[in-house]
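Chains as they are written, first to last, in this note's numbering: chain A, 1 to 365; chain B, 1 to 297; chain C, 1 to 289.
In what follows, a structure is listed as C-alpha cells, so that the remarks can point back to it.
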Amino acid sequence: MKIVLQNVTKRFPNRNKKIKEDVVAVSNFDFEIPDGKLIGLLGPSGCGKSTTLNMICGLEQPTEGRILFGEDDVTDLPPENRGVGMVFQSYALYPHMTVRQNIKFPLENRRGADRLSKEEMERMAKEAAELVQIEQLMDRKPGEMSGGQQQRVAIARALVKRPKVLLLDEPLSNLDARLRLQTREEIRRIQRETGITMVFVTHDQDEAMSISDMIVVMDAGVVQQIGKPQDVYDDPDNLFVAKFLGTPPINVFNGRVKDGSLYLGEEKILDTPSVGDGPVTVGIRPEGFDIDKEKGVLTCALRSIEVMGRDTSVVANHDAYVGDQLRAIIDSEKRPDENSKEVRFRIRPSKVFLFDPETGKRIRY
Amino acid sequence: MEKNNNKAWLYLLPSLIFLGIFMIYPLFDVMIYSVEEGYNFASQSFFGYGTYNFSYVLRDPYFLQALKNTFLLVIITVPISTGLALLISVLLNSITRLRDMFQTIFFLPYVTNTLAVGLVFMLLFKKTPYTDGFINMILHWFGMGPVDFIEGPYWAKMFVTCFYTIWIVMPFKILILTSALASVNPDYYKAARVDGTPRWRIFTRITLPMISPMIFYLVITGFIGAFKAYSDEVALFGTNLNAAGMNTIVGYVYDMLYGDSGGYPSYASAAALLLFAIVLTITCINLLISRKTVTYS
Amino acid sequence: MEQTYAKIEQSARAANRVRTTVTYILLAIWAVIVLFPFYWMVLTSFKSYSAYNSEYVPQLYTTAPTTENYVSAFTEVPLAKYFMNTVIFAVGTTALMLAVIVLAAYAFARLRFAGRQLTFTMYLALMMIPNELVIITNFVTITNWGLRNTFLGLILPSVTSVFYIYLLKENFEQVPDELYKAAKVDGTSDLMYLFKVMIPICRPTIVTIVILKVIECWNSYIWPRLITDDQAYFLVSNGIQEIRENGFGRENVPAMMAAVVVVSVPLIVLFLCSRKKIMAGVSRGGTKG
C-alpha cells in the first residue's frame, strides 16, 4: 500500500499560554511512500518525525493537508479503520498479559462480521510469533523477557492483524549496541518476508542508512531531503543534511570563491567555474582527504593521529575551519609521521560540497 | 565509614523513650489488662487472670450492636466509596479543562474538621419540630419523607452515617486513583487505539489491571479505616452513641474507658484486642485474595 | 467509501461530545455534593436567629445577612480559648515531634552503628500497631502522672511518628555521601552537618510533614476528649462538640454554624495556599486520621 502525504501540516497551541502563536510541528510535508518499501524518518529530537508517524497512524490529526492510503483518503479516519500496525518506543506491551494474550489482544477486539474463532486467533497469533521467532516464549510475561525479545513481541502484536502499513517509533533506541545491529537486520528481514510498507522513526543516522530503502531527513518540522540513503549522503541538498549524515561528521570550512576557484584561506582547493564570487560554506567529508606531501593543496597543522586498524583518523586544524579540529579518514598505510608539524591533503572533488553561507542551500558546480 | 555507636543511640534516644512509653509498653500492658478479671480502677486491684473480660464483652448487647454497626458500615462504605472514587478519577483523567479546579474541590473534605462538618451534616438531615431540614425538603419534591435521619429509624441513621463516611473518605481515594491513572504509560492507550479496542475493553483489560495494586491498597486501608470509625458518628449523633444505637467498636472501647459508663480498662482492652484481631484477619484475607487477583504489580 | 468514512467520523464526533458533556455533569454533581455543606454552614452562619427559626422550609439564600452570630460565637462560648488551645497544642506537638524525628531519621540515614538495620525494622513494625490498642494504657499512664487537663498530657503521646521518621530518613539518604565526607574533611561536627546541610536540603519534605501534622492536630478529637474534661483545655473539636451539646442554649443553630465556620477556615486557607504540597504529601502515604 503506498502512502501519500499531501501538504501535511501540524500545529499545536503553544504550551506557554502567554505566547499566542502556535508551534509548528510539521510543515507542508509532501511525499509519496512507495508500496512495499522500508522508509526511515530521520532527524534530531523535536524535528517532527514522531508527529508525522502519529499522523500516518491516525493518533493525531493533521491541521492541514491530506493523507492517502493507496487511493483512499484516510485523513479523518481513526487509527483502527486505517489498517495500520504500530510498534511503540516503549513497546507498550501489557505487563499483566502473557505474550500470547498480548499478541491476540488486537484480534479479540474484532466484533460482528469480522469476529474470529478461537482457533483462527490462535493460528494467526502463532504465525505472527513464528515470523519474529518467539514461538517458544508464548507463555511468558513481558517482565520476564529481555529488551530484544520484548521488541519482537511488540512487532508480532502489530503484525498479527495483517496491517497494510507497519509503523515503528524509535524501534532500536531501547536496545544495547549489539542487539541493535541484530534487530535492525531482523526488521529488514521481516519487511522483505511480508512485503509490507514500513515506516520507522529514528534519530540515529546509522540505523536509518543501514536498512532503509529511502530516508526522509527532517529538521524543525520541515522535510530537508528525501531519497535513497547513499544518494542523500553523496549529494546533500543543504548544510543540515550534510552535517546530520555521516560519522565522523562532515568538516565545515569558511571558504570563498574567486575567479572560478574555491579558496580556503589563501590556498586554492579546486576549480568551481560556474559559481559566482563571494563567501561560501564548504563541507568536506572525512573520506575526501588524501595525504600528499608534494601536491597537496590544503596545509593543516597536525594535532594527532588515531590508528583504528584499517583506517586512520587524522586530527588537524586549519584557519578556515569552523570549530576546533577537523578530522580526515585515510588508509592506515598512508598515514603521515606523527611528529611532523604539518600535513598536506589532496581533496577529492566529489566529496566537497558548497553551501550558501546565509541559507545553507547547496551551491552546485 | 567509622562506627559511632554511642552517638547514634544518643540521637535515637528521644524517639526510643517516647515509643517505649507510649507504644511498646502499652502494647503489652493492654494484653495484661485484658486478662485481669475484676480490675478496679480506683484501687488498682483485681481478682485473678482469665478470659472473663472477653466473654463479658462478647455478651454485652452494646458491643454486639457496635459490632453490627461497624460491619454494616464497612460492607457498605468500602465498595461504594472505592467504586465511586474510581469513576470520578476516570472522569477527572479524561478532561483537561477545569481539572485543577475539580481536583481542589474534591480534596476539600480531607482538610476539614470531622466534628465541625459533621454538625453541618446533622443539620441538613435532621428533622425538628420547627423544620424538616434540607434533605427532607428535597425528598418532599420527589413525594417522599419526611424522615428523621438523626433520631429516627435505624436504616435512616445508618444511611446518614454511610453517606458522611463516604463523603469524608473520598478525597484520599480520588487522589490516589487519579495519580495511579495518570502514571499509566500513555503508549498503552495509543497501542489499544491503533488496535481499535473499544473503550470499555480498554478500561477492563488494560486500565483496571494496571491500577489494580492501588485499588487493593485502597480497599485494605479502607477496611482498616472503616473498622476504626468513631468520630464521624460522634459528629452526627453526639457523644452518647449507645443511646442512639449507633456506637462503633472503637466507640465502645472509649465508652468503657471513660465517660458515664467508663472506668473499665479491662473490658476496653478486651474489646480493643478483639477489634485488632478482626482487622488483622480481614487484612490477611484481603491480601490472600489480592495475591490471586492482582496479576500485575 | 468517502461517505462511510464521513459517517464514521461524524458519529464518533457526536459520541465524543455526549461523553464530554456527561463527564462534566457528573463531576459537577460531585462538586456540588462536596461544596454544599460548606455553602450551607456559611449561609446559615449569616442568618439571624429569628429568621432561621422561622423558616419551616429551608431557604437557600438570605436577604438580610448578619454578623451577630460571629459575635456570639466569640462572646457566649470560649471559642477564642479553644482556638488558642489548639494553636498551642499544634505548635507544641509539631515542634517536639520535629526535634524527635529529625534526630532519629538522621541516625538511621547517616550514622553507622551496630544494630541499625534491626532497630529500623523494629520501628517500621511499630507502624502496624493501631492507636486504639495503646490509647487505653496511655490514658491510664497520663492519669497516673497527674497530667490530665494539661498541655503536656495532650501533647506527649503524639510526638513520635514512625511514618514521618521513615519519610524523612528516605529523604536524608538522597543527600549525596560526598557532602558528608567533604564536611568531615572540613571538620564539621555531625550536629552542625545536620543543621547546616541536611535540614536545608530536605526542607520541602520537612515542610510537608509539618503541614500534615498540623492538619492532624487541628482535627484530633479522641485523645483530647479522653484527657480533658476542663473546658479551659478543650481543643476546637471538643469545643464544637461541647457547643453542640451545651452551648448557646438549645438550638441556636446560626451561632453554632458561625463557630463551625471559624473552626474550618484556617485549615481551608492552609490547604488553598499549599495545595500541591499537601496533596503530594498525602498521596505519599498519609491516610485520614
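For each residue, glycine too, the CB sits at the ideal point set by N, CA and C.
Can you find a CB in chain B that lies within less than 8 Å of the CB of residue i?
| i | result |
| --- | --- |
| A25(A) | no |
| E80(A) | yes |
| N14(A) | no |
| P254(C) | no |
| E216(C) | no |
| N384(A) | Nothing about residue 384(A) can be read from this structure; chain A reaches only from 1 to 365. |
| G85(A) | yes |
| E68(C) | no |
| V91(C) | no |
| M198(C) | no |
| F88(A) | yes |
State yes or no: is the beta carbon of residue i nearer than 8 Å to at least one beta carbon in chain A?
| i | result |
| --- | --- |
| I206(B) | yes |
| A191(B) | yes |
| P225(B) | It is Gly, not Pro, that sits at residue 225(B) in the sequence shown. No, because no Cβ of chain A sits closer than 8 Å to the Cβ of G225(B). |
| P213(B) | no |
| R201(B) | yes |
| D195(B) | yes |
| R291(B) | no |
| Y62(B) | no |
| D255(B) | no |
Thinking just about the alpha-carbon of each residue, which of the options is nearest to the one in residue i?
| i | options | result |
| --- | --- | --- |
| D187(B) | T207(B), K173(B), M170(B) and S179(B) | T207(B) |
| F149(B) | P198(B), D232(B), D132(B) and T165(B) | D132(B) |
| V23(A) | G36(A), T9(A), E32(A) and F31(A) | T9(A) |
| I80(B) | V35(B), V253(B), A226(B) and Y258(B) | A226(B) |
| T160(C) | L10(B), L175(B), F18(B) and E151(B) | F18(B) |
| D60(B) | A268(B), A277(B), F47(B) and I289(B) | A268(B) |
| D230(C) | A107(C), T66(C) and N85(C) | N85(C) |
| L147(C) | T228(C), D186(C) and R244(C) | T228(C) |
| R140(A) | A158(A), D35(A) and R100(A) | R100(A) |
| I56(A) | P249(A), V74(A) and L42(A) | V74(A) |
| T359(A) | M218(A), D237(A) and A208(A) | D237(A) |
| E80(A) | K161(A), L354(A) and D259(A) | K161(A) |
| L154(C) | E245(C), M41(C) and Y233(C) | Y233(C) |
| G36(A) | G221(A), M145(A), I196(A) and I330(A) | I196(A) |
| K258(A) | E266(A), V252(A) and N251(A) | E266(A) |
Report yes or no: is there a C-beta of chain C within less than 8 Å of the C-beta of residue i?
| i | result |
| --- | --- |
| G133(B) | yes |
| T281(B) | no |
| M158(B) | no |
| T114(B) | yes |
Between which two residues does the alpha helix (DSSP H) carrying residue i extend?
| i | result |
| --- | --- |
| Y188(B) | P186 to V194 |
| K169(C) | V162 to E173 |
| T104(B) | R99 to F107 |
| G27(A) | With the sequence shown as reference, residue 27(A) is identified as Ser, and Gly is not the correct amino acid for it. Where S27(A) is concerned, there is no enclosing alpha helix (DSSP H), although the beta strand (DSSP E) it sits in stretches over V23 to I33. |
| T51(A) | K49 to C57 |
| T119(C) | R116 to L126 |
Using the beta-carbon count (16 or more within 10 Å), is residue i buried or exposed?
| i | result |
| --- | --- |
| F142(B) | exposed |
| N136(B) | buried |
| Q151(A) | buried |
| G118(B) | buried |
| S189(C) | exposed |
| D30(A) | exposed |
| G147(A) | exposed |
| P129(B) | exposed |
| A114(C) | exposed |
| G323(A) | exposed |
| Y106(C) | buried |
For residue i, report the span of its beta strand (DSSP E) as first-last.
| i | result |
| --- | --- |
| S55(B) | No beta strand (DSSP E) holds S55(B); the alpha helix (DSSP H) holding it covers Y52 to R59. |
| G245(B) | That residue, G245(B), is in no beta strand (DSSP E); it is neither H nor E in DSSP. |
| Y263(A) | S261 to L264 |
| K258(A) | N251 to K258 |
Flag residue i as yes when its Cβ comes closer than 7 Å to any non-hydrogen atom of the ligand NAP, and as no otherwise.
| i | result |
| --- | --- |
| I33(C) | Absence of the ligand NAP from the depicted structure is noted, as is the absence of any ligand whatsoever, leaving it without description. |
**Message:** Check whether the stretch 110-124 of chain A and the stretch 91-98 of chain A touch, using three or more Cβ-Cβ pairs below 8 Å as the test.
**Reply:** Too few Cβ pairs lie closer than 8 Å, so no.
Between the stretch 128-140 of chain A and the stretch 42-52 of chain A, do three or more beta carbon pairs fall short of 8 Å?
Short answer: they don't touch.
Point to revise | At least 3 beta-carbon pairs within less than 8 Å: the stretch 238-256 of chain B vs the stretch 91-100 of chain B | key: No: the two stretches stay apart, fewer than three of their Cβ pairs being nearer than 8 Å.
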